[in-house]
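Using this note's numbering, the first residue of the sequence shown is number -4, and each one after it goes up by one.
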Amino acid sequence: MADATRLDALIVGAGFAGLYMLHKLRGMGFAARAVEAGSGVGGTWYWNRYPGARCDVESMFYCYQFDDGLSRDWEWTERYPAQPEILRYANHVADRFDLWPDISLNTRIVSAVHDEDAARWRVATDTGEAWLARYCIMATGCLSAANRPDFDGLDEFAGRVFHTGRWPHETVDFAGRRVGVVGTGSSAVQAIPEIAKEAAHVTVFQRTASYVVPANNRPLDPAEQADIKARYPELRAAARKTFGGFAVGIARQSALAVSEDECRETLARAWDEGGIGFLNAYRDFGFDEAANRRAQDFVRRKIRETVQDPETAAKLLPRHVIGCKRLSLGDDYYAAFNRPNVALVPLADDGIGRILPDGLTAGGTRFRFDDLVLATGFDAMTGALARIDIRGRGGIALAEAWEAGPRMYLGLMSNGFPNLFAITGPGSPSVLSNMMPTIEHHVEWIAECLGYLRGNGISGIEPSLDAQDAWVEHGNEVASKTLRYSCSSWYLGANVPGKPRVFMPYIGGMPSYMETCAAVAADGYRGFDLTPG
Ligand code: NAP
-4 MADATRLDAL
6 IVGAGFAGLY
16 MLHKLRGMGF
26 AARAVEAGSG
36 VGGTWYWNRY
46 PGARCDVESM
56 FYCYQFDDGL
66 SRDWEWTERY
76 PAQPEILRYA
86 NHVADRFDLW
96 PDISLNTRIV
106 SAVHDEDAAR
116 WRVATDTGEA
126 WLARYCIMAT
136 GCLSAANRPD
146 FDGLDEFAGR
156 VFHTGRWPHE
166 TVDFAGRRVG
176 VVGTGSSAVQ
186 AIPEIAKEAA
196 HVTVFQRTAS
206 YVVPANNRPL
216 DPAEQADIKA
226 RYPELRAAAR
236 KTFGGFAVGI
246 ARQSALAVSE
256 DECRETLARA
266 WDEGGIGFLN
276 AYRDFGFDEA
286 ANRRAQDFVR
296 RKIRETVQDP
306 ETAAKLLPRH
316 VIGCKRLSLG
326 DDYYAAFNRP
336 NVALVPLADD
346 GIGRILPDGL
356 TAGGTRFRFD
366 DLVLATGFDA
376 MTGALARIDI
386 RGRGGIALAE
396 AWEAGPRMYL
406 GLMSNGFPNL
416 FAITGPGSPS
426 VLSNMMPTIE
436 HHVEWIAECL
446 GYLRGNGISG
456 IEPSLDAQDA
466 WVEHGNEVAS
476 KTLRYSCSSW
486 YLGANVPGKP
496 RVFMPYIGGM
506 PSYMETCAAV
516 AADGYRGFDL
526 TPG
C-alpha cells in the first residue's frame, strides 16, 4: 500500500450516482475518482441488456435535473426509455462533463479498510491498484449484485446460461432455440415476450405469479417533449412533493369510499394510461387490505380477459397483496402466454429440483431446453456492499455489523464506518422512489456535507449509535404500518436464502425524508459525531 494514490474521495461505481458524485466533487475542487467494475459507465443500464430492458419511470423524469443545459439538449424518443437509450444518455453525461479522465473502468473494488491513524480509507482493487482516500463513497447501486440461485447441477448445464442482470454485450441469438426462463419479476416480464418472438420455445418457471400493469409505451411527440421541458421547473417541484418523487402523485381518496363500479372505472382509466401510477389511483392501496383487494381483483380480471387458456390464466393469477412486491410494467407479458411456443410451469414449494445438462426437473417432471435464462433478480440494497470487504473502526467488518440487517443513519452512513457514505443506501427511500432525483438528493447532501467538513476543519464524520438506532427503529415502525410485510419480497431480502428479514428502504416518503436530511444538516449535522482536525 506504500504507493497508494492519495485522493480526497474515492467513489465506487460509475452509474448515475457515481457520475454525478464525481462531477459534483470535482466542481468543488476535491480530488475525486470513480472506480467502476464494468468496461463502461451507466451502472444498472450497463449490465441489464436483456431483450426488452426498459425503465418503468417515464424518460422525461428519469434523468438528471442538476444542469439546465443537459435537460434542454437531451431528447428522449419514447415515453419509457429503452436500455440502449439510457446507456447513451449516461455516456453523453460522461462526455459532456468531461468525466472520463477521473474514471477507472474495468476495475473492481475488493476491499476498503479504514486506517485510523491515517484517518483514511485504504481501498484495493482487483487490478492491484491501491487508493488512500479521506472519503469513500459507495455508489454501488441498489439492484446491482446479481442473485444467482445455487441450483443443484447448474454447473452441469450444457447450454448457455444467462442472468438478466449480467447480459452479454453481444447480441444473443435465440432463433430455433428452446429456452428455459426462471423467474417472473420485472426483468422476466420484459424479457419473456421478446425472447418468445425469436425462440422456438420458451418454458417459464414461475415461483410467484406477478402483477403486471401496462406501460403503454409510445414514441414521444416532440411538441409534448418541448412542453414538458418548458414546464420542468414546476413539474419537478411538484414531483418533489409526491411520496416517491414521481411525476404522478397519490390520490387523496380511499378506494373504499367509492362504489365497486366507480373504483373499477377509475382503475380502468389508470390501466389505460399505463405506468406504476396505477396503484396511486387511491390513497390506501398500500395500507388497507380491503382497498388493496379491489386493485388485486381488477388485475386478476384483466389476466383472465387476456389469457385465452383458462388453465394458464389461473396459474398466472397472483394471490398476494398487490404492490407488496414491486409492481411490474409490461405491455405484452400476459399476452405472450397465448403464443403456442410459450409454456408456463408454476413451481411447487420445493421449487426447481435439479438442473440437468439439457434442462431441469421440477415437481418430479423433466423439462428440456437449450438455453437457461435466470431472471432471478438481485441481492438488493446490501448485496453490492457485502461483496466488498469493508472494514471500519477496530477492523469491524460491515458484513458483521449488519449481520441482523443493514443499519444506517438516513441511509447515508453507518456507525463504526467514519467518512464512508452510501448513495441511496438501506434506510433511504431509494428503490421506493424515482431513483434519479433520489440519487441527486443524496449526491448534493453528501457534497454539501463534505464542503461543511472542509470549511470547518473537521476531519471525520460518523453517525452516533443513538441516532442510527432511532432512525432504523423509525424506518421499521413506518414500514410495519404498510402491507409490505405480507409477502416475500426483495425489499425484505426474502429472495436471498439466509438474508435477514428486514424492510430495507425507507417508506416514509421523499418529502419528509428530504426535510429530515435538510434539518439534520442545518443543525450542524445532528446525530453525527464530528472529529475536529
Ligand atoms: P425480481 O423482481 O426479484 O424477480 C426475480 C424472479 O425470480 C421472481 O419471480 C422470483 O420469485 C424468481 N426467483 C428468484 N430466485 C428463485 C429461485 N431460487 N427459484 C425460482 N424462482 C426464483 O428480480 P427482477 O425481475 O430482476 O427485478 C428486480 C427489480 O429490478 C424490480 O423489482 C425493479 O425494481 C427493478 N427492475 C426494473 C425494471 C424496469 O424499470 N422496468 C426492469 C427490471 C427490473 P419470487 O417472486 O418467488 O421470489
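C-beta atoms are modelled at their ideal positions from N, C-alpha and C, and glycine is treated no differently.
Rounded distance between the beta-carbons of Gly160 and Trp42, thought under 8 Å: Between Gly160 and Trp42 the Cβ distance is about 6 Å, and since that is below 8 Å, they are a contact.
Mapping the DSSP letters down to three states, classify Gly354 as helix, strand or coil. Collapsing the DSSP output to three states places Gly354 in a strand.
Using only the heavy atoms of the ligand NAP, determine whether one of them is closer than 6 Å to the beta carbon of Arg202. Remark: the shortest separation between the CB of Arg202 and any heavy atom of the ligand NAP falls under 6 Å.
Spatial neighbours of Glu189 within its chain, please: C-beta separation below 6 Å, excluding the five flanking residues on both sides. Here the set comprises Pro46 and Gly47.
The ligand NAP and Arg496: does the residue's C-beta get closer than 6 Å to at least one heavy atom of that ligand? Checking every heavy atom of the ligand NAP against the Cβ of Arg496, none is found closer than 6 Å.
Buried or exposed: Gly64, going by 16 or more other Cβ atoms within 10 Å of its Cβ? That one is exposed.
Cβ contact check for the region 24 to 32 and the region 421 to 431: 3 or more pairs under 8 Å: At 8 Å Cβ cutoff, the stretches do not touch.
Using 8 Å as the cut-off, can you tell me whether the region 279 to 297 makes contact with the region 473 to 489, which would need three or more C-beta pairs spanning the two stretches below that distance? Because the criterion of three Cβ pairs below 8 Å is met, the region 279 to 297 and the region 473 to 489 touch.
Would you give the residue range spanned by the alpha helix (DSSP H) that Ala119 belongs to? Where Ala119 is concerned, there is no enclosing alpha helix (DSSP H), although the beta strand (DSSP E) it sits in stretches over Arg115 to Thr120.
Beta bridge counterpart(s) of Glu111 as assigned by DSSP: BP columns for Glu111 are empty, so no partner.
Do you know how far the Cα of Leu262 is from the Cα of Phe293? If you take the alpha carbons of Phe293 and Leu262, they lie about 8 Å apart.
According to DSSP, is Pro500 part of a helix, a strand, or is it coil? The answer is coil: DSSP assigns Pro500 none of H, G, I, E or B.
Check Asp147 in the structure and name its three-state DSSP category. In this structure, Asp147 counts as coil in the three-state DSSP scheme.
Using a threshold of 7 Å, state whether the C-beta atoms of Ala210 and Leu324 are closer than that. By the CB criterion at 7 Å, Ala210 and Leu324 fall inside the cutoff.
Tell me, please, which residues DSSP counts as bridged to Gln201. Paired residues: Pro341.
Coarse secondary structure for Ala26, derived from DSSP in three states: In the structure shown, Ala26 adopts coil according to DSSP, grouped into three states.
Roughly how many angstroms lie between the CA atoms of Val316 and Gln291, to the nearest whole one? Cα to Cα, Val316 sits roughly 7 Å from Gln291.
Give a single yes or no on whether Cys573 has its beta carbon closer than 6 Å to a heavy atom of the ligand NAP. Outside the shown range of the chain, which is -4 to 528, sits residue 573, and nothing can be said about it.
Tell me the residue span of the alpha helix (DSSP H) that contains Arg67. Bounds of the alpha helix (DSSP H) holding Arg67 are Asp63 to Asp68.
Hey, would you say Thr122 sits closer than 7 Å to Gly8, going by beta carbons? Not closer than 7 Å, so no.
Distance between beta carbons of Ala375 and Leu138, contact taken as under 8 Å: Their Cβ separation, rounded to whole angstroms, is 6 Å, which keeps Leu138 and Ala375 in contact under 8 Å.
If you draw a straight line from the alpha carbon of Tyr130 to that of Ala12, how long is it in whole angstroms? Taking C-alpha positions only, Tyr130 is separated from Ala12 by approximately 15 Å.
When the Cβ atoms of the region 217 to 236 are set against those of the region 245 to 261, are three or more pairs found closer than 8 Å? Under the 8 Å Cβ criterion, the region 217 to 236 does not count as touching the region 245 to 261, having fewer than three qualifying pairs.
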